[in-house]
Amino acid sequence: MQLDTNYLQTKGRIFDIQKYSIHDGPGIRTIVFLKGCAFRCRWCCNPESQRYDIHPMTVNGEEKVIGRDVTVEEVMHEVLKDIAHYRRSGGGMTLSGGECLLQPQFASDLLFAAKQAGISTAIESTAFADFEMIEEKILPHLDLFLMDIKHMNAAKHKLFIGKSNEKVLANAKKIAERGQNLIIRVPVVPTFNDTEEEILEIARFARSLKGVKQLHLLPYHRMGQDKYDGLGREYLLKEIEPPTNLHMQQLLEVAKTTGLHVQIGG
Amino acid sequence: MAQFYSEDIEKSPRITRLVEHLYADMPVIEADRAVILTKSYQETEGEPIITRRAKAFQKICEELPIIIRPEELIVGSNSQAPRGCQIFPEYSFDWVEDEFDTFETRSADPFYIAPETKKALHEVFQYWKGKTTSELATSYMAPETLTAMKHNIFTPGNYFYNGIGHFTVQYEKVLAIGFEGIIKEAEAELAEHTVADPDYAKRSHFLNAVIISCRAAIQYAKRYALLALEEAEQCADAERKLELLKIAEICAKVPGKPAESFYEACQSFWFVQMLLQTESSGHSISPGRFDQYMYPYYKKDMDEGKITREFAQELMDCIWVKLNDLNKVRDAASAEGFAGYSLFQNLIAGGQDAEGLDVTNDLSFMCIEASMHVMLPAPSLSVRVWNGTPDEFLIKAAKLTRTGIGLPAYYNDEVIIPSMMSRGVTLEDARTYNIIGCVEPQKAGKTDGWHDAAFYNMCRPLEMVFSNGMENGEQVGLRTGEVEDMKSFEEFYDAYKAQMEYFISLLVNADNAIDIAHAERCPLPFQSCMIDDCIGRGKALQEGGAVYNFTGPQGFGIANMTDSLYAIKKLVFEEKKVTLAEFKQALMMNYGKGLSKELTEEITTKIVKGLAAEGKEVSAREIEAIYRSVKYDTVSEQDKRKYDELLNMIDRVNKYGNDNLEVDLFARDVAYTYTKPLQKYKNPRGGQYQAGLYPVSANVPLGAQTGATPDGRLANTPVADGVGPFSGKDVLGPTATANSVARLDHGIASNGTLFNQKFHPTALSGMEGLQKFVALIRAYFDQKGMHMQFNVVSRETLLDAQAHPEKYKGLVVRVAGYSALFTTLSKSLQDDIINRTTQGF
Chain X
817 MQLDTNYLQT
827 KGRIFDIQKY
837 SIHDGPGIRT
847 IVFLKGCAFR
857 CRWCCNPESQ
867 RYDIHPMTVN
877 GEEKVIGRDV
887 TVEEVMHEVL
897 KDIAHYRRSG
907 GGMTLSGGEC
917 LLQPQFASDL
927 LFAAKQAGIS
937 TAIESTAFAD
947 FEMIEEKILP
957 HLDLFLMDIK
967 HMNAAKHKLF
977 IGKSNEKVLA
987 NAKKIAERGQ
997 NLIIRVPVVP
1007 TFNDTEEEIL
1017 EIARFARSLK
1027 GVKQLHLLPY
1037 HRMGQDKYDG
1047 LGREYLLKEI
1057 EPPTNLHMQQ
1067 LLEVAKTTGL
1077 HVQIGG
Chain U
861 MAQFYSEDIE
871 KSPRITRLVE
881 HLYADMPVIE
891 ADRAVILTKS
901 YQETEGEPII
911 TRRAKAFQKI
921 CEELPIIIRP
931 EELIVGSNSQ
941 APRGCQIFPE
951 YSFDWVEDEF
961 DTFETRSADP
971 FYIAPETKKA
981 LHEVFQYWKG
991 KTTSELATSY
1001 MAPETLTAMK
1011 HNIFTPGNYF
1021 YNGIGHFTVQ
1031 YEKVLAIGFE
1041 GIIKEAEAEL
1051 AEHTVADPDY
1061 AKRSHFLNAV
1071 IISCRAAIQY
1081 AKRYALLALE
1091 EAEQCADAER
1101 KLELLKIAEI
1111 CAKVPGKPAE
1121 SFYEACQSFW
1131 FVQMLLQTES
1141 SGHSISPGRF
1151 DQYMYPYYKK
1161 DMDEGKITRE
1171 FAQELMDCIW
1181 VKLNDLNKVR
1191 DAASAEGFAG
1201 YSLFQNLIAG
1211 GQDAEGLDVT
1221 NDLSFMCIEA
1231 SMHVMLPAPS
1241 LSVRVWNGTP
1251 DEFLIKAAKL
1261 TRTGIGLPAY
1271 YNDEVIIPSM
1281 MSRGVTLEDA
1291 RTYNIIGCVE
1301 PQKAGKTDGW
1311 HDAAFYNMCR
1321 PLEMVFSNGM
1331 ENGEQVGLRT
1341 GEVEDMKSFE
1351 EFYDAYKAQM
1361 EYFISLLVNA
1371 DNAIDIAHAE
1381 RCPLPFQSCM
1391 IDDCIGRGKA
1401 LQEGGAVYNF
1411 TGPQGFGIAN
1421 MTDSLYAIKK
1431 LVFEEKKVTL
1441 AEFKQALMMN
1451 YGKGLSKELT
1461 EEITTKIVKG
1471 LAAEGKEVSA
1481 REIEAIYRSV
1491 KYDTVSEQDK
1501 RKYDELLNMI
1511 DRVNKYGNDN
1521 LEVDLFARDV
1531 AYTYTKPLQK
1541 YKNPRGGQYQ
1551 AGLYPVSANV
1561 PLGAQTGATP
1571 DGRLANTPVA
1581 DGVGPFSGKD
1591 VLGPTATANS
1601 VARLDHGIAS
1611 NGTLFNQKFH
1621 PTALSGMEGL
1631 QKFVALIRAY
1641 FDQKGMHMQF
1651 NVVSRETLLD
1661 AQAHPEKYKG
1671 LVVRVAGYSA
1681 LFTTLSKSLQ
1691 DDIINRTTQG
1701 F
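Protein chains in written order, with this note's numbering: chain X, 817 to 1082; chain U, 861 to 1701.
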């Protein structure tokens, strides 16, 4: 137990804070986007989140600096501005990224500070980190783990994401075993994982996790495409179309056969 | 079992057909009322004004053509054409004649007017020269007031040219005792006074006028009974025949006698509502707490098994349709300010009783259901929200919001009740408040609130600071000194406050002049008999008969003034990046973005008058040359760059609407420059002035008359709507915006504040979306916000509707304190709505 307020001075690197998020956890939430990620998903809608270093990006023709170093206290000052809304809606703070687990102490202290303030905490994460760290630093202060599982096939995972999925799947099991409230989320990306077989395989895995009841299917969208230009990077998924509503509905029905509660969108 | 019936109720196919019939054609201007009124006035020359008003109302009730529209269950129309309107020359008429040929083609709220109607109106208008309220009001006004109005600092146009309206009568009294009961009350009151009493002459004439008016209303209903009977006799359809016979039976009984069933109560209510809007041209005649005063009749019929929920709903739906049958033609400028054929008949559901208990009931839910069924702008549906409001009620309301119709508006009891009490309203009366028109709280049946007394443009006094009170060579405002000489922000801000106070005093002068003109020329006996304590005091409402009397003119432009004054504070006085002289130049040149025709003319006039003042003669050719040079050659490339740089600097200063404590507290103070000076004034009815903070839709037309402002807003563009941030300046989402707006002092703005938010439909999807939406409202209200309303429609939809209006005839959007059909709005107002930030991605 931390008895002093030193944790408020812990520094970390973020690239955005977004208020009135209503699709990432219960109630009205504020999302803190931490910078840096181990994955390089081709569809990533926040490509500016991937590198840990602070760098420029062109936004609407203007050069913008992406990333800033802040203390827990500074973040909480911003997050708690919406406390009236959390109180009424049961909402709170969600850490996203990037991958928040790559800044373990900062993430841990943010979550601790949020719990101290009496608001709900969630993380949106790939769980690509050491389980011991997650268990020690994150889970004690965490209400909801929104965990991405993108594919069950290790090779395909590595091809599209840059890393294999073994650690992710193993952590999912351990986190579930700990009794953590856990929701599995799948970005549905055409040419990558949008067949009925692939989705069903993920859903079966999710169903096998202890205590997991919900699966969210998040349809691929192109909202991040302009950012690749802004970063001077090539967008590799130019050719693919977002899945149709009909197709998403079919995938939903397939996933539902596992007995999970499945929804489209967060 | 659930406490309320919150399920959907099936919509009768009749309702769809009623709506189709109502909107089949462009509305029509009719001359009947004006002709009958004028005849009556000619017959009553020399009699007391209150008697003349009563006799005119009587003649109108006797002679105005009546009509039952196909399939109606609730009858009573004051025009032959669906959504037609009558003319009220006793208030003003010049503009009607001036606009005869443009009514049909104007962009906002067009009307058809037949050649014979023009002729009939032209003839009766001859009688009215010199006899209207607006002419009398003008002659009562101080010269400096007229100057300020000419320069559009404020505009009391609404009451200047029309009836006052903006009240809620005691519908429950008519339902309970009928007009026969009210006649008895007036007779008893008469009997209590003797002819030798000092005020007997006026009192007796007023009470007799009440009696004449009540009898006229009864007579009017009986004409409908006869008409229904006639139509029934000729009706081949057996089912319709029965309906018409029922209508005949009911109209023979109410509103003269007490209503004894829900159907009778509905018809009685309707006669009151439509006759009030035949007596005067005031708008915002608001049904108020319909779910409360109608509930006993509904419950009794339900308990006794005399009515089905579906039929009760159908009757309510019929009333909802009828509320859209009433219409009013305004002059072209006002039509822009109140765009959307709106009469602002505000009907409110939910809330507390006099003892502070929640009284949401099944009818509260059915009010929301009715709006879902008809999907029309009227009534302006409102819901009251407090800590005791059932969640399921707000969820039902949010479902209506989700349709994108812009209804209902949400009101916070926890702010409004203490706010009203601070103005002398009792706790019991405050708890049972309802909303008038757009957003104005009052106690029904006891108040003459003058809730919409003027638009006061808070940007214009700032222009006066920069021009030292001069405009077009005329001294309009105070001489607060040249800005170039101002040494501190305090000095500058004081100059603004001085200009504000000066123009507020002129606004009061204008409103009081109009107030007296209405009392002298258009006291309204029919309306007065349903508002306490007119009968007891023996006075019409316009003469001070009400228990509570207010005047509530509304200020707007808070966001622009906050951002403007804050930018000056920061850039000129703290960071010293730019001087006031440079700012003045930039504003005059509209930041180098080109000048509108108006502005070019204005500057040309200024230059010419300046030359004339120096004794130089200016020929027409020289004036043309000056005009051309002003329009085309004034801004060098170098200056343009300088102005762009200034705009960039302004852009980087923090703006209101982003949950920034310092800026928001500054906004609070800026709002006080309007609300505080105003509340010290009194009106001729013995009541107090109280501020509202909302522009209806006048932020667009009045913005068009406003020069560039130091917040970077360009000349002649809309100013901010309501108490919200300036379009596009709030970038942190709806919670941040709401938190900012909640930091204003809403309590002092006891005439109402208006906070518009626009949501994308995705933000309200699913039960979870609805719950989070309700939480947002509750959280805004926890922080002492007063009112909130929403447009839920996608930007793409609006753009498409603008391009293909024929596809979107029925698209209703929230404009200001009301909703309107999007396609009937002017292009600039449509643009303004599209540009309001869409929240919720």
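Beta carbons are placed, not taken as given, at the ideal position from N, Cα and C, and that holds for glycine. The structure presented is a predicted model; accordingly, all values stated were derived computationally and were not measured.
With 16 other Cβ atoms within 10 Å as the buried cut-off, status of residue i
| i | result |
| --- | --- |
| U/T965 | exposed |
| U/L924 | buried |
| U/I1693 | buried |
| U/P1058 | exposed |
| U/T1005 | buried |
| U/G1333 | exposed |
| X/S837 | buried |
| U/I1013 | buried |
| U/I1637 | buried |
| U/H1026 | buried |
| U/S1479 | exposed |
| X/Q1065 | exposed |
| X/H893 | exposed |
| U/F1701 | Below a pLDDT of 50, predicted positions are generally treated as unreliable, and U/F1701, at 32, falls in that range; no measurement from the model is reported. |
| U/L1685 | buried |
| U/Y1627 | The amino acid occupying residue 1627 of chain U in the given sequence is Met; Tyr does not appear at that position. U/M1627 comes out exposed. |
| X/E915 | buried |
| U/D885 | exposed |
DSSP beta-bridge partners of residue i
| i | result |
| --- | --- |
| U/G1148 | U/L1207 |
| U/T1015 | U/F1315 |
| U/C945 | U/I889 |
| X/E878 | X/V875 |
| U/Y1362 | Answer is none; U/Y1362 lacks a bridge partner. |
| X/T846 | X/M909 |
| X/A938 | X/T910, X/L960 |
| X/H1032 | X/R1001, X/Q1079 |
| U/V1245 | U/N1272 |
| U/M1330 | U/Q1335 |
| U/G1787 | Past the boundaries of the shown model lies residue 1787 of chain U; chain U is included only from 861 to 1701, so the question cannot be answered. |
| U/N1651 | U/K1618 |
Checklist entry - Taking the runs of the beta strand (DSSP E) that are 3 residues or longer, which of them lie wholly in the segment 1396 to 1454 of chain U? => result Runs of the beta strand (DSSP E) spanning 3 or more residues and lying entirely within the segment 1396 to 1454 of chain U occur at 1408 to 1411, 1414 to 1416, in chain order.
Checklist entry - Are the segment 1317 to 1330 of chain U and the segment 1379 to 1397 of chain U in contact at 8 angstroms, needing three or more beta carbon pairs? => result no
Item to check | Validate contact between the segment 1137 to 1156 of chain U and the segment 1101 to 1111 of chain U using beta carbons, cut 8 angstroms, 3 pairs | outcome: no
Checklist entry - Looking at chain X, which residues of the segment 1250 to 1268 of chain U have a Cβ within less than 8 angstroms of any of its Cβ atoms? => result none
Next on the checklist: For the segment 1210 to 1221 of chain U against the segment 1181 to 1201 of chain U, do three or more pairs of beta-carbon atoms, one drawn from each stretch, fall closer than 8 angstroms, so that the two count as touching?
Outcome noted: no
Checklist entry - What are the complete alpha helix (DSSP H) segments, minimum 4 residues, inside the segment 1489 to 1540 of chain U? => result 1497 to 1512, 1521 to 1538
Next on the checklist: For the segment 873 to 905 of chain X, list every residue whose C-beta sits within 8 angstroms of some C-beta in chain U, in sequence order.
Outcome noted: K897, D898, A900, H901, R903, R904, S905
Checklist entry - Between the segment 1583 to 1595 of chain U and chain X, which residues of the former have a C-beta closer than 9 angstroms to a C-beta of the latter? => result L1592, G1593, P1594, T1595
Checklist entry - Should the segment 1215 to 1224 of chain U be called in touch with the segment 1186 to 1193 of chain U, which here means at least 3 C-beta pairs below 8 angstroms? => result no
Next on the checklist: Tell me which residues of the segment 840 to 868 of chain X have at least one Cβ-Cβ distance to chain U shorter than 9 angstroms, keeping chain order.
Outcome noted: Under the 9 angstroms Cβ criterion, the segment 840 to 868 of chain X contributes P842, G843, I844, T846.
Next on the checklist: List, from N- to C-terminal side, the alpha helix (DSSP H) runs of 4 residues or more that fit wholly inside the segment 1265 to 1290 of chain U.
Outcome noted: 1273 to 1281
Item to check | Start-end ranges of the alpha helix (DSSP H) lying completely within the segment 1581 to 1617 of chain U, minimum 4 residues | outcome: 1594 to 1602
Next on the checklist: To be precise: take each residue of the segment 1020 to 1045 of chain X, compare its Cβ to all Cβ atoms of chain U, and keep it if any distance is under 8 angstroms. Which residues remain?
Outcome noted: none
Checklist entry - Would the segment 1446 to 1461 of chain U and the segment 1338 to 1356 of chain U be scored as touching if the rule is three or more Cβ pairs under 8 angstroms? => result no
Checklist entry - What runs of the alpha helix (DSSP H), each 4 residues or longer, lie entirely inside the segment 1028 to 1099 of chain U? => result 1031 to 1051, 1060 to 1094
Item to check | Three-pair Cβ contact test at 8 angstroms for the segment 1467 to 1486 of chain U versus the segment 1539 to 1553 of chain U | outcome: no
Checklist entry - Taking a cut of 8 angstroms between CB atoms, which residues from the segment 1641 to 1667 of chain U lie near chain X? => result D1642, Q1643
Checklist entry - Name the residues in the segment 1608 to 1637 of chain U whose C-beta lies less than 9 angstroms from a C-beta of chain X; which are they? => result Per Cβ criterion, the list reads T1622, A1623, S1625, G1626, E1628, G1629, Q1631, K1632, F1633, V1634, A1635, L1636, I1637.
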